Ligand SMILES: [Zn+2]
Ligand SMILES: [Zn+2]
Ligand SMILES: [Zn+2]
């Protein structure tokens, strides 16, 4: 069982999940726990010979009931590939899986924030190569979404709506758009190739999106991730973070299904650690000790390169 300790100096929670030291670390492909269970072979995490998308409880959870949740979302039964190279129908189906998990976990009393994310590449600490993401159900509202809600309060309205309008008006940092979704390198990007993928319409969560919007979200995420791989012609590591409305107030699944007044605006942030084809950005003195990012690249220049790569990869 994990232990939560509150750091008074920083005013934030720290999670001690010491059992995670034992977790499977970069197994060979024959021992991949996320592959389907082949007839006659040892059972993997997924007791089926084939599957489309699989979701299960993380065996090495950071959070677990009755204080949160940790789930693994396997995108495909094929060991190779990535989110960007999934068939479009599969990527679209994944949006529905995310939506379902948001609804179900969000309805739980012990889950205040449903956080869907993907760590891609050993550079960001991936321990399994098989294409997959994760979902944490936090038993509290974590600092980053809390900061975003504080921004709404400070600005007196939806901050992602305001930022999206400003990015569209200026245009220089927009890297991709379709009818439902816009992707841009934000004005104050911290990472060289950071990108935010934002719903055009104000949609607090995946539950507020219709089928067409989910399809467009999948298309935008795939266009961006394929563009990332094309940028330096190599698998591009990133952290992908899905931000949406907290679920603190949702008592039942039915309530979750009808909630529209929640604070938040569905968007997906990507933090890639590469600043060139072979140089990583490290969080060092200023970032860790003072909390201020120092970047070597201008968002406008990164956006131009990324936009070109997305077009090339399309
Ligand atoms: Zn595998
Ligand atoms: Zn909004
Ligand atoms: Zn965000």
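Numbering (the working numbering), first residue to last: 2 to 315.
The C-beta atom is built at its ideal place from N, Cα and C for all residues, glycine as well.
These figures come from a predicted structure and were not determined experimentally.
**Prompt:** From residue 299 to residue 272, what distance separates their C-alpha atoms?
**Reply:** To locate residue 299, count along the chain shown from 1; it is residue 298. To locate residue 272, count along the chain shown from 1; it is residue 271. Cα to Cα, the separation comes out at about 15 Å.
**Prompt:** CB residue 174 to CB residue 301, shorter than 9 Å?
**Reply:** One-based indexing of the chain shown puts residue 174 at position 173. One-based indexing of the chain shown puts residue 301 at position 300. Contact: yes.
**Request:** Consult DSSP for residue 161 and reduce its assignment to one of helix, strand or coil.
**Result:** The sequence position of residue 161 within the chain shown is 160, counting from 1. If DSSP states are grouped into helix, strand and coil, residue 161 belongs with the helices.
**Request:** Write down the C-beta distance between residue 136 and residue 102 rounded to the nearest angstrom, noting that I regard them as a contact closer than 8 Å.
**Result:** Indexing the chain shown from 1 puts residue 136 at position 135. Indexing the chain shown from 1 puts residue 102 at position 101. That pair is a contact at about 5 Å.
**Message:** For residue 39 and residue 74, what's the separation of their Cα atoms in angstroms?
**Reply:** Indexing the chain shown from 1 puts residue 39 at position 38. Indexing the chain shown from 1 puts residue 74 at position 73. Computed Cα separation, rounded: 19 Å.
**Prompt:** Near residue 278, what residues of its chain come up, given a Cβ to Cβ distance below 6 Å and the 5 sequence neighbours on each side ignored?
**Reply:** Counting from 1 along the chain shown, the entry for residue 278 is found at position 277. Within the same chain, residue 278 has close Cβ partners 233.
**Message:** Between 206, 157 and 116, which has its C-alpha nearest residue 145's C-alpha?
**Reply:** Taking the chain shown and counting its residues from 1, the one referred to as residue 145 is at position 144. Per the Cα distances, 116.
**Message:** Pop quiz: residue 1 and residue 206 are said to be a contact at Cβ under 8 Å. What is the actual Cβ separation, rounded to whole angstroms?
**Reply:** Because the chain spans 2 through 315 in this model, residue 1 falls outside it and cannot be assessed.
**Request:** May I ask whether a heavy atom of ligand 4 can be found less than 8 Å away from the beta carbon of residue 87?
**Result:** Ligand 4 is not part of the structure shown, which contains ligand 1, ligand 2 and ligand 3 as its ligands.
**Message:** Tell me the residue span of the beta strand (DSSP E) that contains residue 228.
**Reply:** In the chain shown, residue 228 corresponds to position 227, counting from 1. It is not in any beta strand (DSSP E) - residue 228 instead sits in the alpha helix (DSSP H) that spans 212-232.
**Request:** May I ask you to check if the CB of residue 33 is nearer than 8 Å to at least one heavy atom of ligand 1?
**Result:** Within the chain shown, the letter at position 32 stands for residue 33. Yes.
**Prompt:** How is residue 202 classed by DSSP in three states: helix, strand or coil?
**Reply:** Working through the chain shown from its first residue, we reach residue 202 at position 201. Here residue 202 sits in coil by DSSP.
**Prompt:** In chain order, what residues of the same chain lie with their CB nearer than 6 Å to the CB of residue 242, ignoring the 5 residues before and after it?
**Reply:** Your numbering for residue 242 matches position 241 in the chain shown. Result list for residue 242: 118 and 270, in chain order.
**Request:** Keeping to the same chain, check which residues put their C-beta closer than 7 Å to that of residue 262; ignore five residues upstream and five downstream.
**Result:** The count along the chain shown starts at 1 and reaches residue 262 at position 261. With a pLDDT of 42 at residue 262, under the threshold of 50, the modelled position of this residue cannot be trusted; read the value that follows with caution. Excluding positions up to five away in sequence, the list is empty.
**Message:** Going by DSSP, what residue range makes up the beta strand (DSSP E) through residue 5?
**Reply:** Counted from its first residue, the chain shown places residue 5 at position 4. Segment 4-8, the beta strand (DSSP E) holding residue 5.
**Message:** With three or more C-beta pairs closer than 8 Å as the rule, is the region 27-38 touching the region 2-15?
**Reply:** no
**Message:** Tell me the residue span of the alpha helix (DSSP H) that contains residue 101.
**Reply:** Here the question's residue 101 lines up with position 100 in the chain shown. Residue 101 -> alpha helix (DSSP H) spans 89-107.
**Identified DSSP bridge partners for residue 58** = Residue numbering aside, residue 58 sits at position 57 when the chain shown is read from its first letter. Note: residue 58 sits in a beta bridge opposite 72.
**Request:** Please confirm whether residue 228 and residue 310 have their CB atoms less than 9 Å apart.
**Result:** The residue labelled residue 228 in the question sits at position 227 within the chain shown. The residue labelled residue 310 in the question sits at position 309 within the chain shown. In contact: residue 228 and residue 310 (Cβ atoms closer than 9 Å).
**Prompt:** So residue 64 packs on residue 132, CB below 8 Å; how close in whole Å?
**Reply:** As a first step, residue 64 must be located in the chain shown, where it is residue number 63. As a first step, residue 132 must be located in the chain shown, where it is residue number 131. Actually they do not touch by this definition, with Cβ atoms about 23 Å apart.
**Message:** Pop quiz: residue 186 and residue 221 are said to be a contact at Cβ under 8 Å. What is the actual Cβ separation, rounded to whole angstroms?
**Reply:** Counted from its first residue, the chain shown places residue 186 at position 185. Counted from its first residue, the chain shown places residue 221 at position 220. The Cβ separation is near 14 Å, so there is no contact.
**Request:** Figure out for me which residue from 148, 111 and 123 has the closest Cα to the Cα of residue 274.
**Result:** What you label residue 274 is simply residue 273 of the chain shown in a count that begins at 1. The shortest C-alpha separation from residue 274 is found at 123.
**Request:** Please classify residue 134: does DSSP put it in a helix, a strand, or coil?
**Result:** Position 133 of the chain shown, counted from the first residue, corresponds to residue 134. Residue 134: strand per DSSP, three-state reduction.
**Asked** Going along the chain, which residues put their C-beta within less than 6 Å of some heavy atom in ligand 2?
**Response** 159, 161, 162, 203 and 266
**Prompt:** Helix, strand or coil: which one does DSSP assign to residue 261?
**Reply:** Taking the chain shown and counting its residues from 1, the one referred to as residue 261 is at position 260. Caution is warranted here: a pLDDT of 42 is assigned to residue 261, below 50, making its placement in the model unreliable, and no coordinate value can be reported.
**Prompt:** Apart from the five residues on each side of it in sequence, which residues of its chain come closer than 8 Å, Cβ to Cβ, to residue 155?
**Reply:** The count along the chain shown starts at 1 and reaches residue 155 at position 154. Nothing meets the Cβ criterion.
**Message:** Looking only at its chain, what residues have a beta carbon closer than 7 Å to the beta carbon of residue 51, apart from the 5 residues adjacent to it on each side?
**Reply:** Here residue 51 refers to the residue found at position 50 when the chain shown is read from its first residue. Same-chain partners within the cutoff: 37 and 78.
**Message:** Is the beta carbon of residue 76 closer than 9 Å to that of residue 138?
**Reply:** The count along the chain shown starts at 1 and reaches residue 138 at position 137. The count along the chain shown starts at 1 and reaches residue 76 at position 75. Not a contact, by the Cβ cut-off of 9 Å.
**Request:** Check whether the Cβ atoms of residue 219 and residue 110 lie closer than 9 Å to each other.
**Result:** As a working mapping, residue 219 is identified with position 218 in the chain shown. As a working mapping, residue 110 is identified with position 109 in the chain shown. Cβ atoms of residue 219 and residue 110: not closer than 9 Å.
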